[in-house]
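Q: Sequence lines, in order, name chains A and B.
With the working numbering, letter number 43 in the first sequence gets 62, and the count goes up by one each step, no holes.
With the working numbering, letter number 67 in the second sequence gets 88, and the count goes up by one each step, no holes.
Ideal placement from N, C-alpha and C gives every residue a C-beta, glycine not left out.
Remember, it's a predicted structure, so these values are computed and weren't measured experimentally.
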Amino acid sequence: MGLREKILTKSLWVYHISAGSCNNCDIEILDCLTPRFDIERFGMQLIGSIRQADVLLVTGAMNKKSLGRLKILYEQAPKPCLVVAVGSCATSQHMFRPSYALEDALDKIIPVDLYIAGCPPKPEAIIAGIVKLINKVNKL
Amino acid sequence: MKGEDLILFGLLFFSFFIGGWGWWLERKLTARFQYRVGPPWYQNFIDILKLFSKEQIIPSPANRVIFILSPIATLSSVILVTIILDRIIFLREGFLGDLFVILYLLIIPSLFIILGAFSSSNPLATVGGTREIKLMLAYEFVFILSLLIVIIKSGGVFSLEKILDKQMSTSYINSFSGIIGFLLALFYLQAKLGIVPFDVSEAEQEIMSGVFIEYGGPLLGFYRLARAFLYFSLPMLVIAFFMGKNLGWQIAYKYLIIILIISVIKNINPRLRVKDVLSLFWFFLFPLGIVGMFLSILGY
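Next up, the structure:
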């Protein structure tokens, strides 16, 4: 466990990408910032610009329109950068798998570090997932 | 390296530490106002360290020289202001006209933030830059008015050290014009730091961190460092102007009071539109400053 990983996991700045989701996962992500869950006590912040991102939270089933944009966003992020798939759609395309508008699952396009299942996942599940992610980075 | 230089370096690190801590205090108070727990006390330092460990991306259409130079110029001018203020407040070593040096050096950070935003050739950064220009037009004027009130009250002295000496018997805030000047300086502080009622230039919900949108990694780290220094030097400047009676350990609670006022204003106000910021500064605070100036000439 290096110092760099330790510092990175103490201040994760999260960039939120909605790749064609139904908005439920997005609302649950915003719930994590509310007084009840308050992820700022772990140093996490939702930020507006991809250039400052440490974590990409991807929600939604990745339709053809958002595919190219997601690739561009992943390339624009500065590089110790983690990708988290939130919700059943982002992890496995869920019930939209046979749809004509979808091509590949998220992890076939960009490397995914963490899957958080649920439709939508509870804020507790998201926080538990982030803790798993932090442990995983610290063990590298 | 001589002993005096070592003292200055020590004071600089001390100011950085206090500034980062004051910034944290503002975040923590905001969290407590919203019934949250808030970040731990080392959060801002960890953020800055992390930014310096990240990859630096320079957008291809950007003007590389200005894009790289502007955070560094911002940081260096802010460090200069901090050193001058440290020397005046803690060592009582001023020079003639240091007020104007501080005034000009405090304009440089905003100018280079604007230049950096324009050089990144991002449309949202350009919008943020134009908004920052309008903010500057609003708040610099008001700051100069409050400076004028201080100069008139001290009897035409252009040195901050002499102004501190003149406040040996009573602070300027204990008079009507002093209260008005303090109010103007507080608004200046809030707008200069870009805290909530006046954060149009980096509005996260409309233009996604605005002027800083293309900055990430070490260059954003420079901006963050400069901001930590500003969190020290701007409240200290206001304290030296208006609350300069006892500057021993009492400076600590004066600093805490100013941080508290900042975060209360931040948490009970929504973001003002650009038009509202301009009309607040030009049509309310500017006449107020003129009234304060006449009051200070009359001796109130």
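Against chain A, with Cβ distances strictly below 9 angstroms, would B:Phe139 count as a contact?
A: No, no contact with chain A.
Q: Per DSSP, what are the beta-bridge partners of A:Thr78 in this structure?
A: Looking at the DSSP assignment, A:Thr78 forms a beta bridge with A:Ser37, A:Val105.
Q: Within the 9 angstroms Cβ cut-off, does A:Asp50 reach chain B?
A: Answer no: the Cβ-Cβ gap between A:Asp50 and chain B never drops below 9 angstroms.
Q: Taking 9 angstroms as the CB-CB cut-off, is B:Lys174 touching chain A?
A: No, because no Cβ of chain A sits closer than 9 angstroms to the Cβ of B:Lys174.
Q: Quick one: is B:Gly31 buried, meaning 16 or more other Cβ sit within 10 Å of its Cβ, or exposed?
A: Under this definition B:Gly31 is an exposed residue.
Q: B:Gly177 to B:Ser317, Cα distance in whole Å?
A: Each residue's alpha carbon lies about 12 angstroms from the other.
Q: Around the Cβ of A:Asp45, are there at least 16 other Cβ atoms within 10 angstroms (buried) or fewer (exposed)?
A: So A:Asp45 counts as buried.
Q: Note down, in chain order, every chain B residue with its Cβ under 7 angstroms from the Cβ of A:Pro99.
A: Result: Lys75.
Q: Please list, in chain order, the chain B residues whose beta carbon lies closer than 9 angstroms to that of A:Leu27.
A: Per Cβ cutoff of 9 angstroms: Lys71, Ser74, Lys75.
Q: What are the start and end residues of the beta strand (DSSP E) that includes B:Ile194?
A: Careful: B:Ile194 lies outside any beta strand (DSSP E) and carries neither H nor E.
Q: Within 10 Å of its beta-carbon, does A:Phe61 have 16 or more other beta-carbons around it, so buried, or fewer, so exposed?
A: It counts as buried.
Q: Is DSSP giving A:Ile135 helix, strand or coil here?
A: Residue state, collapsed to three classes: strand.
Q: Smallest Cα separation from B:Leu240: which of B:Ile109, B:Ser141, B:Leu124, B:Phe37?
A: Answer by Cα proximity: B:Ser141.
Q: Using the rule of at least 16 other Cβ atoms within 10 Å of the residue's Cβ for burial, across every protein chain shown, is B:Tyr274 buried or exposed?
A: B:Tyr274 comes out exposed.
Q: For a minimum of 4 consecutive residues, which ranges assigned as the alpha helix (DSSP H) are wholly contained in the stretch 169–217 of chain B?
A: As far as the stretch 169–217 of chain B is concerned, its whole alpha helix (DSSP H) runs of at least 4 residues are 181–187, 197–214.
Q: Check this for me: beta carbons of A:Trp32 and A:Gln71, under 9 angstroms apart or not?
A: Yes, these two residues count as a Cβ contact at 9 angstroms.
Q: Express the C-alpha separation of B:Pro308 and B:Val102 in angstroms, rounding to a whole number.
A: Distance between the alpha carbons of B:Val102 and B:Pro308: 29 angstroms.
Q: Can you give me the C-alpha to C-alpha distance between B:Gly265 and B:Leu185, rounded to a whole angstrom?
A: Taking the straight line joining both Cα atoms gives about 6 angstroms.
Q: Helix, strand or coil, according to DSSP, for A:Trp32 in the structure here?
A: Note: A:Trp32 maps to strand in three-state DSSP.
Q: Name, please, each residue of chain A whose Cβ falls closer than 9 angstroms to the Cβ of B:Leu96.
A: Simply none; closest approach about 18 angstroms.
Q: Taking contact to mean at least 3 C-beta pairs separated by less than 8 angstroms, is the stretch 71–79 of chain B in contact with the stretch 85–100 of chain A?
A: Verdict: yes, contact present.
Q: My output table needs one value for A:Gln95: the three-state DSSP class, helix, strand or coil.
A: Helix at A:Gln95.
Q: For A:Ala120, which residues from the same chain have a beta carbon less than 7 angstroms from its beta carbon, with the 5 sequence-adjacent residues on both sides left out?
A: Closer than 7 angstroms at Cβ, skipping near neighbours: Asn82, Lys83.
Q: What residues in the stretch 66–93 of chain A have a beta carbon less than 9 angstroms from any beta carbon of chain B?
A: Residues passing the 9 angstroms Cβ filter: Ile66, Gly67, Ser68, Ile69, Arg70, Gln71, Ala72, Asp73.
Q: Checking contacts by CB at 9 angstroms: is B:Phe233 closer than that to chain A?
A: So, interface residue.
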